[in-house]
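Some notes on the structure that comes next.
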Amino acid sequence: MVGKYKKPPVKEAIFEIRFPAELSIECRKDEYYEKIRKELPQIFVPAIDSPEPYPLKNYKFQSPDNSKMVMFSINRFSYHDNKYSNFDNFRKETEKYVIMFCDLYKISQLKRTGLRYINHIPITQEKGTISIKKYLKFEYNLPKSIPTDFELFQTLLLTKLNDGKLRILIQTVQTKENQEIILLDFDFFFEGKFFVTNLGEYLEKSHKHTKKVFEDLISDEYKKFIIQREE
Numbered sequence: 012m013v014g015k016y017k018k019p020p021v022k023e024a025i026f027e028i029r030f031p032a033e034l035s036i037e038c039r040k041d042e043y044y045e046k047i048r049k050e051l052p053q054i055f056v057p058a059i060d061s062p063e064p065y066p067l068k069n070y071k072f073q074s075p076d077n078s079k080m081v082m083f084s085i086n087r088f089s090y091h092d093n094k095y096s097n098f099d100n101f102r103k104e105t106e107k108y109v110i111m112f113c114d115l116y117k118i119s120q121l122k123r124t125g126l127r128y129i130n131h132i133p134i135t136q137e138k139g140t141i142s143i144k145k146y147l148k149f150e151y152n153l154p155k156s157i158p159t160d161f162e163l164f165q166t167l168l169l170t171k172l173n174d175g176k177l178r179i180l181i182q183t184v185q186t187k188e189n190q191e192i193i194l195l196d197f198d199f200f201f202e203g204k205f206f207v208t209n210l211g212e213y214l215e216k217s218h219k220h221t222k223k224v225f226e227d228l229i230s231d232e233y234k235k236f237i238i239q240r241e242e
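Okay, here's the thing in structure tokens:
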């Protein structure tokens with residue numbers, strides 16, 4: 012079914028790159044900040060009380076409305092979209108911030124790329140239990156002695172998917188607003204030796220695989236709720 016999401020469940024979309032440590036980033040953070048200051052003026056510095064070496068901790072730069080953010084240290088960079096609408100817009104913004112960063116610090120080789128989608132699916136309990144099948148094409152194959160009327164559940168999977176890997180977290184969660192949801196967290200990543208010039212290719216492949224898994228996993232009932240058919 013061809014269509015577009017009118018009620019996308021994506022709470023946050025993240026694209027991260029990891030690369031060999033570049034020490035010039037540590038003393039030249041201000042140069043990148045000057046390039047993004049108008050859009051991401053808010054600065055959050057890392058805490059110094061954790062055991063991780065300070066240069067490996069992320070600085071955060073955020074928009075005033077909290078719609079987007081970048082984080083980086085001497086060996087990683089990530090772009091975060093908290094108001095995800097569609098992949099084309101996300102890809103455009105991601106490539107803008109990532110390529111600007113890599114050009115400034117002369118980063119050409121990557122060790123890892125990762126695309127992560129954090130989805131919140133609102134749910135309603137029925138007689139104190141959750142009907143998984145109402146939302147997902149997913150079930151537990153358990154012995155008959157274990158009831159399948161779940162009040163809570165949590166599953167973490169890591170699997171190879173073509174030339175990458177996919178981590179999936181599925182669990183029930185109560186949000187800060189006291190809304191009960193199914194957290195559907197996908198993290199598709201490539202590990203090895205990559206080049207910034209091929210960034211768009213890896214981002215596109217990551218989205219393609221993740222979208223396929225998402226659409227195969229959600230129930231037909233829930234799909235009708237979020238997808239609007241194109242005439």
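If you count by our numbering, then the sequence shown holds residues 12 to 242, one letter each, in order.
No residue lacks a Cβ here, since even glycine has one placed at the ideal position from N, Cα and C.
Proximity of the segment 25-42 to the segment 82-94 meets the contact definition, three or more beta-carbon pairs being nearer than 8 Å. Here R127 is buried: its Cβ has 16 or more other Cβ atoms, across all protein chains shown, within 10 Å. The Cβ neighbour count for L153, taken over all protein chains shown within 10 Å, is under 16; the residue is labelled exposed.
Out of I143, K107, Q182 and L210, the CA that lies nearest to the CA of K79 is found in K107. A Cβ-Cβ distance of about 5 Å is found for the pair F26 and T105, placing them in contact under the 8 Å criterion.
Shown here for K122: same chain residues with a beta carbon closer than 8 Å to its own, the five before and five after excluded, namely R29, F30, P31, E202, G203, K204 and F205 in chain order. In the three-state reduction of the DSSP assignment, Y128 falls in the strand class. Using a Cβ distance threshold of 9 Å, F101 and A24 count as a contacting pair. Counted as a single uninterrupted DSSP element, the stretch harbouring E27 is not any alpha helix (DSSP H) but the beta strand (DSSP E) occupying residues V21 to R29.
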